[in-house]
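Structure record follows, encoded as C-alpha cells.
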Amino acid sequence: MKNYKELPFWQKSMELASEIYKLVKLLPKEETYALSDQMRRAVVSIPSNIAEGQGRDSTKEYIYFLNIARGSCFELETQLSICMNIGYFTSDNTVTAFELLMEIGKMLTSAINKLKSK
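With my numbering applied, the sequence shown covers 6 to 123.
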C-alpha cells in the first residue's frame with residue numbers, strides 16, 4: 006500500500022486546504038467564529054482522515070476514515086454554497102474549490118468502492 010502522501014486524493018485535498026484558507030480570508034470579521042472556523046475544520050478533516058485511515062490496521066477502518074473524509078467534502082461544499090448564497094463568495098472565486106471538491110469526492114468514492122470489493 007502506498008504512503009498516504011503519494012495518494013492523489015490526499016495531494017488534491019492538501020491543495021484544496023490551501024484554496025479554502027485563501028477564501029476564508031474574504032469572509033467578514035463576524036464570520037470568524039462561524040463559517041470561517043467551520044470551513045477550516047472541514048477542509049483540514051479531509052486530508053487528516055485520509056492519513057489517519059491509512060495508518061490503521063485494517064481495510065475496514067481505512068474505509069471508515071475515507072468515508073469521513075468524503076463526508077467532510079459534502080460539508081465543505083454546503084458551506085461554500087451558503088457563502089455564495091449570502092454573497093460572500095462569487096462563482097469566480099470558488100470555481101477552483103468546487104472543482105477540487107468534485108475531483109476529490111470522485112477519487113474517494115472510487116477508492117472506497119475498490120477497497121470494499123477486495
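No residue lacks a Cβ here, since even glycine has one placed at the ideal position from N, Cα and C.
Beta-carbon spacing of residue i, residue j below 7 Å
i, j, result
"F94", "C88", "yes"
"F120", "I55", "One point to set straight first is that residue 120 is Leu, not Phe, in the sequence displayed. Cβ atoms of L120 and I55: not closer than 7 Å."
"R75", "L105", "no"
"L71", "A116", "yes"
"A47", "S77", "yes"
Residue environment, residue i, which counts as buried when at least 16 other CB atoms sit within 10 Å
i, result
"E11", "exposed"
"T64", "exposed"
"T83", "exposed"
Closest by C-alpha distance to residue i, when choosing among the options
i, options, result
"M44", "S53, Y26, N72, G58", "Y26"
"G92", "E66, N8, L32, P13", "L32"
"S41", "L81, S115, S96", "L81"
"Q59", "Q84, Y38, A47, I73", "I73"
"Y9", "E24, S23, S53, V29", "S53"
"S86", "R61, P13, L28", "L28"
"N98", "K30, K7, P13", "K30"
"I51", "F14, S122, Y38, S96", "F14"
* Could you tell me whether the stretch 102–114 touches the stretch 13–20, where touching means 3 or more Cβ pairs closer than 8 Å? => yes
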